[in-house]
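2 protein chains.
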Amino acid sequence: MINAILFDLSGVLYEGDTAIPGALQSVERVQASSLEIWFITNTSRKTRSKLLDDLRILGFKVNPDQVFTAVDAAKSWLQQRGLRPYCLVHENIQGEFSDFDQCDPNAVLMGDAAEAFSYNNLNRAFRLCLGGAPLVGVGYNRYFNSGSQLLLDAGPYIKAIEFAASVEATILGKPSAEFFHQALASTTAAADQALMVGDDVFGDVEGALNAGIQGCLVRTGKYQTGDECKIRGNFHTVESVVEAVELILGGNC
Amino acid sequence: MINAILFDLSGVLYEGDTAIPGALQSVERVQASSLEIWFITNTSRKTRSKLLDDLRILGFKVNPDQVFTAVDAAKSWLQQRGLRPYCLVHENIQGEFSDFDQCDPNAVLMGDAAEAFSYNNLNRAFRLCLGGAPLVGVGYNRYFNSGSQLLLDAGPYIKAIEFAASVEATILGKPSAEFFHQALASTTAAADQALMVGDDVFGDVEGALNAGIQGCLVRTGKYQTGDECKIRGNFHTVESVVEAVELILGGNC
Chain A
18 MINAILFDLS GVLYEGDTAI PGALQSVERV QASSLEIWFI TNTSRKTRSK
68 LLDDLRILGF KVNPDQVFTA VDAAKSWLQQ RGLRPYCLVH ENIQGEFSDF
118 DQCDPNAVLM GDAAEAFSYN NLNRAFRLCL GGAPLVGVGY NRYFNSGSQL
168 LLDAGPYIKA IEFAASVEAT ILGKPSAEFF HQALASTTAA ADQALMVGDD
218 VFGDVEGALN AGIQGCLVRT GKYQTGDECK IRGNFHTVES VVEAVELILG
268 GNC
Chain B
18 MINAILFDLS GVLYEGDTAI PGALQSVERV QASSLEIWFI TNTSRKTRSK
68 LLDDLRILGF KVNPDQVFTA VDAAKSWLQQ RGLRPYCLVH ENIQGEFSDF
118 DQCDPNAVLM GDAAEAFSYN NLNRAFRLCL GGAPLVGVGY NRYFNSGSQL
168 LLDAGPYIKA IEFAASVEAT ILGKPSAEFF HQALASTTAA ADQALMVGDD
218 VFGDVEGALN AGIQGCLVRT GKYQTGDECK IRGNFHTVES VVEAVELILG
268 GNC
């Protein structure tokens with residue numbers, strides 16, 4: 018019995034700047050049902066406000082209070098600890114961290130920085146971490162589908178710094194179980210009554226399963242043939258978010 | 018009883034363009050002894066000929082036949098298999114791979130590419146590997162001392178692509194046991210009669226131990242306080258190559 022549904026955004030509801038066929042209607046069907054709904058994303062190429070704008074432009078009617086982002090989680094984590102992060106993040110979201118003292122950093126924050134993942138910037142992150150600065154990752158995603166091609170996400174670069182400095186990053190966002198539980202905390206559903214729908218077999222599906230949440234992998238976005246064989250555990254694999262919603266509303270989850 | 022000594026180069030015999038104090042005399046002492054001597058390096062920022070030139074300019078008298086490089090090992094590996102590598106390597110050594118057909122690549126070669134580790138180039142490597150191209154690494158070093166600062170080496174970037182594409186790289190060079198054994202094959206010494214002297218606790222010392230070779234860590238080059246606690250096993254830790262040679266020639270190894 019599913020009481021809450023957690024939707025990943027990029028690759029599930031849209032690819033690049035195009036909605037997945039049927040995604041709008043599927044989200045509306047869930048919104049019209051008794052299910053609780055959440056949108057949870059590791060995206061760190063857009064500000065929260067741009068993310069909400071883009072969803073609206075695509076036609077999704079989303080309550081901003083139901084959007085849970087890894088960038089917000091990372092900001093809170095750093096604020097709570099009074100840290101001065103070196104923010105190796107995309108130029109689009111640098112402004113989200115303007116409240117932080119970034120002089121003489123004592124922490125490293127890594128998101129999906131794209132071209133900002135230069136040799137110089139990664140060396141700076143590495144030397145700070147080797148000197149003891151905690152490493153904070155916005156998600157641990159390996160790659161994503163930009164709409165036209167697969168592109169490296171933050172995960173591989175976080176892995177590189179972890180290896181170089183022999184440290185372990187604190188991951189804010191999926192697949193952190195804490196992140197899933199924070200999203201669920203404002204619903205009435207228990208973990209095993211919630212279903213995560215995502216295109217990332219590791220970040221979305223394996224992460225959800227490890228958090229005690231049910232998982233559903235869609236064959237859109239970054240999905241590659243055989244992804245469903247890369248992890249262990251029981252989960253659904255469906256063509257797209259449309260079939261995922263059919264499954265849930267049909268009581269087959 | 019040590020019969021052969023394997024010297025790492027950068028960080029052991031020199032740092033940047035300066036010889037480690039006493040290194041010249043120490044190498045000469047070994048050359049005047051009955052010990053067999055090898056120089057083995059993962060350096061992939063210089064051609065073999067530049068490497069030999071730089072050693073000569075610093076004053077080291079080195080027989081080129083006794084210099085064993087990871088770049089050479091990688092070239093042989095690719096040639097033997099008739100592969101067409103995408104060479105993500107330093108611009109200084111691109112010419113070393115001019116004999117390879119690099120159109121429509123079906124393999125990925127990664128060395129210490131420095132600024133060439135751009136987002137675009139890493140995405141290209143990632144997509145080739147995700148599509149099934151074998152990933153070949155020139156060493157797996159985490160970082161090195163450029164003379165003025167620590168800089169990321171090839172290892173973290175290889176790790177990034179391994180993670181992104183869920184593949185395992187074939188490492189040519191240290192710490193591959195095969196590489197150590199190839200170097201030893203042209204000596205009369207058995208593995209346990211050989212000693213590897215290096216500044217990289219993972220690549221040099223742990224690698225040697227895993228290949229059945231004795232290990233000696235020097236506190237020069239990339240060495241950081243506490244490095245000797247990062248691996249398990251019995252090995253020596255000494256101030257520099259001078260003390261390492263004292264130890265060997267004094268019969269204390």
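Which chain is which? The protein sequence lines are A and B, in order. Every number in the working numbering is 17 more than the matching position in the first sequence, counting from 1. Every number in the working numbering is 17 more than the matching position in the second sequence, counting from 1. We put the CB at the ideal spot given by N, CA and C, even for glycine.
For this session: Please check the pair L169/A and A91/A, which I expect to be a contact at CB under 8 Å, by giving their CB distance rounded to whole angstroms.
Result: Not a contact, Cβ separation roughly 19 Å.
For this session: Pick helix, strand or coil for E223/A, following the three-state DSSP scheme.
Result: helix
For this session: Could you check how far apart the C-beta atoms of D34/B and G164/B are, in whole angstroms? I think they sit under 8 Å.
Result: 7 Å
Exercise. For the candidate residues S61/B, E260/B, I178/B, whose alpha-carbon lies nearest to that of L145/B?
Worked result: I178/B
Exercise. If we count the other Cβ atoms within 10 Å of its Cβ and call it buried at 16 or more, is A207/A buried or exposed?
Worked result: exposed
Problem set entry | Reference V153/A; option with closest CA among Q111/A, P102/A, A194/A | P102/A
Problem set entry | Residue of I265/B, P122/B, I54/B minimising C-alpha distance to L201/B | I54/B
Problem set entry | Separation of G156/B from G128/B, as counted between CA atoms | 7 Å
Problem set entry | chain A within 8 Å of K247/B, Cβ atoms only | yes
Exercise. With a cut-off of 8 Å, does the C-beta of K239/B fall near any C-beta of chain A?
Worked result: no
Problem set entry | Proximity of V258/A and V79/A at Cβ, strictly below 8 Å | no
Problem set entry | Supposed close pair A87/B, T58/B - CB separation, criterion 8 Å | 7 Å
Problem set entry | Any chain A beta carbon closer than 8 Å to G172/B | yes
For this session: Provide the residue(s) that pair with Y160/A in DSSP beta bridges, ordered along the chain.
Result: L169/A
Exercise. How big is the Cα-Cα spacing for N227/A and A194/A?
Worked result: 7 Å
For this session: With DSSP collapsed to three states, give me the class of V47/B.
Result: helix
For this session: Pull up the distance between the alpha-carbon of E32/B and that of L26/B, whole angstroms please.
Result: 9 Å
Problem set entry | Anticipated Cβ contact below 8 Å, E113/A with T64/A, distance rounded | 6 Å
For this session: Give the residues from the stretch 121–150 of chain B that approach chain A closer than 9 Å (Cβ to any Cβ), ordered along the chain.
Result: A130, A131, E132, A133, F134, S135, Y136, N137, L139, N140, F143, R144, L147
For this session: Report the partner residues of A90/B according to the DSSP bridge assignment.
Result: Note: A90/B sits in no beta bridge, so no partner.
Exercise. Buried or exposed: G172/B, going by 16 or more other Cβ atoms within 10 Å of its Cβ?
Worked result: buried
Problem set entry | Contacts of A177/A in chain B (Cβ-Cβ under 8 Å) | L169, P173, Y174, K176, A177
Exercise. What residue range is occupied by the uninterrupted alpha helix (DSSP H) comprising C146/B?
Worked result: 136–147
For this session: With a 10 Å radius around its C-beta and 16 neighbouring C-beta atoms as the bar for buried, classify K247/B as buried or exposed.
Result: exposed
Exercise. Quick one: what does DSSP say V184/B is sitting in, helix, strand or coil?
Worked result: coil
Problem set entry | Where R159/B meets chain A, residues with beta-carbon distance less than 7 Å | F180, A181
Exercise. When the Cα of T254/A is compared with those of N269/A, G268/A, E263/A, R236/A, which residue comes out closest?
Worked result: R236/A
Problem set entry | CB contact flag (R62/A, N109/A, <8 Å) | yes
Problem set entry | Element boundaries [alpha helix (DSSP H), containing L201/A] | 194–202
Exercise. Start and end of the beta strand (DSSP E) containing E53/A?
Worked result: 53–58
Exercise. Exposed or buried, which one is I74/A when buried takes at least 16 other CB atoms within 10 Å?
Worked result: exposed
Problem set entry | DSSP bridge partner residues for F24/B (one or two, in chain order) | F56/B, V214/B
For this session: Determine, using beta carbons only, whether G243/B and M213/B come nearer to each other than 8 Å.
Result: no
For this session: Taking 8 Å as the cut-off, decide whether the C-beta atoms of L105/B and L72/B are in contact.
Result: no
Problem set entry | Unbroken alpha helix (DSSP H) run spanning L68/A, endpoints | 65–75
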